[in-house]
Amino acid sequence: MHARKTSRAVSPSKQSGPAVWECLPAIFPRPGARTLEMDLQELEEIVGRVDQNRMTLAIYRGLLGDDPWRDTVRHLAAYMESSSAVIVIRPSTRSDLGFLVCQPQNPDVEHAYRSHFWTLDPFLELPIGRVMTINDHLGMDNWLASDFYQQFMGQGGPIHGLGVNIVSTNGTVCRIRMYRMPSQPAFTEHDKRRLNDLLEHFNQALNLATRIELQVTQTELYEDALDRLHISVIVLDENQQVLRCNHMAKSILNDSDGLKWAGNGVEAYYRNERRLLDDLIHSAGPTAQVMSISRASGKRKLGLVVRSIPLREESEGKCRPAWVIFVCDPDAQTTAPREIMRQVFEFTPAEANLAMELANGLSLDEAAELLGIRRNTARTHLRAIFAKAGVTRQAELVRLVLNGVVGLSSPSPSPAG
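Those letters in the sequence shown? Residues 784 to 1200, per my numbering, in order.
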């Protein structure tokens, strides 16, 4: 599971029913367009017959897909024999569109509901943990007369609904809804019990989703920080296949400059160094092993630090992180933005430019020539830089910039490929 950016919801406005519906794709099959039986039959052809065991599996498996919860809601519609199903993971608010998945999938209608129609939905606030039908909560006459039904569902839309609200461990109210068309039977007490039997699994899956999201976010933050510090990280499994690497590592491997891809593994570019690297990896323990790797580009050698990752006692031992390789590129250029440097040290633009070039390893004369300024001007800037940064030597300035500014900069864009 990767982390998602939230979108700002638009303010709801009163719109006439026909005008709204005419500009929206149908979220539910319309009578006469295709029979409901054909829809359910096609859904069954996609997911197969769904019993309680398969439904339970789909709840947890849905967390791991590229489109989280999409497979779960598809199975839920089939399991409950519904024309449609909706899982609201994060409810919409006036400042956040939230997140939900629907079956059948229709991004336009999902967006329409999240941005406006949720404010009209009368089948929204249910007692926590209590499975209810629309008739239980509203009464059929109130449902059919509601603005939500008239404007969003439309005449001939689903009239039978079943739903439940559950609360995740972080306090978010998540909603599960199912609907049936007029040609289908109403939801029964048996249907309520079937959905109720799934609630503990949905609760547990929501808790797992929260933990997965936290771990993914932490990993991305750590990798971004290492990218900003120009440290490449490659994590290998027990078969020396790459499990994960950050953007800096991908760039080096894609360029085949020192290290290169070998299938889904890594190897040294030069044949005579491949065995040395392989031996280093196999001999690495918790204490780091170090070597340097030659580069075809002629740049200075890459520095490699390799250490093993201890096997966790509860791990099954397969496809697990077994080694980590840290790669240092001595020719990597500092990318700390001038604006951050100016704000941190109160440098002028000219002082920030000079400090950046010095941090990249240039001498004062070389930096002055590159920036097109006289040496005396550069020396004047340098004195001001030293005073503002509280240092007295160029080496101290470089260390201060690398340690205090580079880590605050934005990560470089992901390399192609």
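Even glycine gets a Cβ: it sits at the ideal position worked out from N, Cα and C.
Check, Outcome
"Where Y862 falls, given that 16 or more other Cβ within 10 Å makes a residue buried", "buried"
"Sub-8 Å separation of V1188 and L1180 beta-carbons", "no"
"Close Cβ partners of R897 (< 6 Å) along its chain, the five nearest in sequence each way excluded", "S875, L880, G881"
"F811, DSSP secondary structure in three states", "With a pLDDT of 41 at F811, under the threshold of 50, the modelled position of this residue cannot be trusted, and the question is left open."
"C-beta contact flag for D904 and L945 at 8 Å", "no"
"Cβ shell of A1047 (< 7 Å), same chain only, five flanking positions each side left out", "Rather than Ala, the amino acid found at residue 1047 in this sequence is Asn. Correct list, in chain order: Q1024, V1025."
"Short Cβ contact (8 Å threshold) for Q835 with D980", "yes"
"Alpha-carbon to alpha-carbon, C1028 and A988", "28 Å"
"T1000 - DSSP class collapsed to helix/strand/coil", "helix"
"Burial state of N1055, where buried means 16 or more other Cβ atoms lie within 10 Å", "exposed"
"Coil, strand or helix - E908 by DSSP", "coil"
"Bounding residues of the beta strand (DSSP E) (the contiguous stretch that carries R958)", "956-963"
"Local Cβ density within 10 Å of P851, reported as buried at 16 or more and exposed below that", "buried"
"Close Cβ partners of K1082 (< 6 Å) along its chain, the five nearest in sequence each way excluded", "D1114"
"Among N889, S929, C885, nearest to F906 - alpha-carbon criterion", "S929"
"K1043 - partner residues in DSSP beta bridges", "E1050"
"V1107 versus L1059: straight-line alpha-carbon distance, rounded", "16 Å"
"Exposed unless 16 or more other CB atoms sit within 10 angstroms - verdict on L978", "buried"
"Assumed close pair V869, I911 - CB separation to whole angstroms, cut-off 8 Å", "Wrong, their Cβ atoms sit about 18 Å apart, outside the cutoff."
"Inter-residue Cα distance where the pair is R1182 and A1142", "8 Å"
"According to DSSP, residues forming a beta bridge with V947", "I959"
"Alpha-carbon spacing of L1145 relative to L1153, whole angstroms", "9 Å"
"Endpoints, beta strand (DSSP E) assigned at I1017", "1014-1019"
"Environment of H1065 [buried if 16+ CB atoms lie within 10 Å]", "exposed"
"Secondary structure of R1157, DSSP reduced to three states", "coil"
"CA-to-CA distance, K1043 to L1185, given in whole angstroms", "27 Å"
"Helix, strand or coil at R877 [DSSP, three-state]", "coil"
"Outcome for T818 when other beta-carbon atoms lying within 10 angstroms are tallied against a minimum of 16", "Any answer about T818 is weak, because its pLDDT of 31 lies below 50 and its placement is not dependable; what the coordinates show is given next. Exposed, since its Cβ has fewer than 16 Cβ neighbours within 10 Å."
"Anticipated Cβ contact below 8 Å, E1140 with A1150, distance rounded", "4 Å"
"Contacts around R853, its chain only, beta-carbon distance under 6 Å, and the 5 residues preceding and following it disregarded", "V884"
"M923 classed as buried or exposed, judged by whether at least 16 other C-beta atoms fall within 10 angstroms", "exposed"
"Endpoints, beta strand (DSSP E) assigned at Q835", "Note, Q835: premise wrong, no beta strand (DSSP E); alpha helix (DSSP H) at 835-844."
"Residue span of the beta strand (DSSP E) that contains V1088, given as start and end", "1085-1091"
"Cutoff 7 Å; reference R873; Cβ partners in own chain excluding five residues on either side", "G881, F882, T955"
"Own chain, CB closer than 6 Å to Y1053, minus 5 neighbours either side, in chain order", "S1077"
"Own chain partners of A1135 with C-beta closer than 7 Å, once the 5 adjacent residues on each side are dropped", "R1121, M1124, R1125"
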